Structures are given as structure tokens and as C-alpha cells.
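Following: one structure in C-alpha cells, then a few remarks.
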Amino acid sequence: MTIRSWHFSKLETSYSTAFITRKVFFWGVVTMLPVCLVEDHSIDFSNLLSLNVGLPLIFLSLIASLACYQMWNMASKGLGVVVATNYLYFQPITSLVTGYLVLNERITLLAIFGCLLVIDGVYLCNKKRKSKQ
Numbered sequence: 307m308t309i310r311s312w313h314f315s316k317l318e319t320s321y322s323t324a325f326i327t328r329k330v331f332f333w334g335v336v337t338m339l340p341v342c343l344v345e346d347h348s349i350d351f352s353n354l355l356s357l358n359v360g361l362p363l364i365f366l367s368l369i370a371s372l373a374c375y376q377m378w379n380m381a382s383k384g385l386g387v388v389v390a391t392n393y394l395y396f397q398p399i400t401s402l403v404t405g406y407l408v409l410n411e412r413i414t415l416l417a418i419f420g421c422l423l424v425i426d427g428v429y430l431c432n433k434k435r436k437s438k439q
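Counting from 307, one number per residue, gives the positions in the sequence shown under my numbering.
Take a look at the structure:
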């Protein structure tokens, strides 16, 4: 049994990726609620109505979490978990390029070397996988 078949064998045949994503978020909230109730934090919920807090919270909830989990489930279902996970290693490269374009951060020689290592690693992992098939 491969990792892909173990991970999605029963889930993908019975449920859609949207359903699985909803259940992950639901159970995440359910398991966090007891901690929130026990912790002694005074939360001023009126802050949520300000644009400085509300808009980033909506973005993080809907785009950075919900949409990304949905896309991850779709990619895992289509490519397989191992191949999809290999491509997660491109995240630092994306962050480096985005930091340069959006925040005018410097790209150092060490960062370029790290990017080359990441690209080489992903290439080698996928090459090795293809040769076994």
C-alpha cells in the first residue's frame, strides 16, 4: 500500500475535498474551544470590527487557510501526497522572490545557493520516483 492510497483511499472515494476541508476546520475549532475557555485572556471583540484587525483576519481565514487547504487537498488527490509534498519545498523560493518584488529585500548569494539546492533536491526526488515507476 503506497502513501497515496493509504491517505486518500477511503476519503477520496466517499467525500469531496471541500467536505474533507470543512471537517478539518470544524474539528480544529472544536478542539481549540476548550483551551480558549480555560485560558484567562480578556478579549475585546470590538477590535474585530476595526479594519486593521478584521480584514487581515478575514484574509487569513478565507484565503490563507480555507482556500489553501482546499488546493492542497486537490493537489494531493491529483498528484499524490508524496509528489505534492515535494513541491512544498518551493515555498522558500517563492518567499524570496516575493520579498524581493514586494518588500525590496536583498537577494544574497547564500539565498541563491539555497534556492539552487532546493531545486536540485526536488528534481532528484522526482527523478528517483519516476525511475521506480
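No residue lacks a Cβ here, since even glycine has one placed at the ideal position from N, Cα and C. Being a predicted model, the structure only gives us computed values, none of them experimental.
First and last residue of the uninterrupted alpha helix (DSSP H) at residue i
i, result
"Asn410", "Taken as a continuous stretch (DSSP letters only), Asn410 belongs to no alpha helix (DSSP H), as it is neither H nor E."
"Ile375", "One point to set straight first is that residue 375 is Tyr, not Ile, in the sequence displayed. From DSSP, the alpha helix (DSSP H) with Tyr375 extends over 374-385."
"Ala324", "323-344"
"Asn358", "357-365"
C-alpha gap between residue i and residue j, whole angstroms
i, j, result
"Asp350", "Ala373", "28 Å"
"Val359", "Leu430", "43 Å"
"Lys383", "Val344", "38 Å"
"Val408", "Trp333", "35 Å"
"Ser348", "Cys342", "11 Å"
"Val336", "Ser367", "16 Å"
"Leu361", "Lys433", "43 Å"
"Tyr395", "Gly405", "17 Å"
"Asn379", "Thr323", "6 Å"
"Leu377", "Leu357", "The sequence given here has Met at residue 377, not Leu. Roughly 27 Å between the two C-alpha positions."
"Leu416", "Phe325", "42 Å"
"Cys421", "Leu355", "41 Å"
"Val388", "Ala381", "11 Å"
"Val330", "Ala390", "19 Å"
Any C-beta of chain D under 7 Å from that of residue i
i, result
"Tyr393", "The displayed structure is made up of one protein chain only, and chain D is not part of it."
Three-state secondary structure assigned by DSSP to residue i
i, result
"Asp350", "coil"
Three or more beta-carbon pairs under 8 Å between the segment 398-409 and the segment 421-429, yes or no? yes
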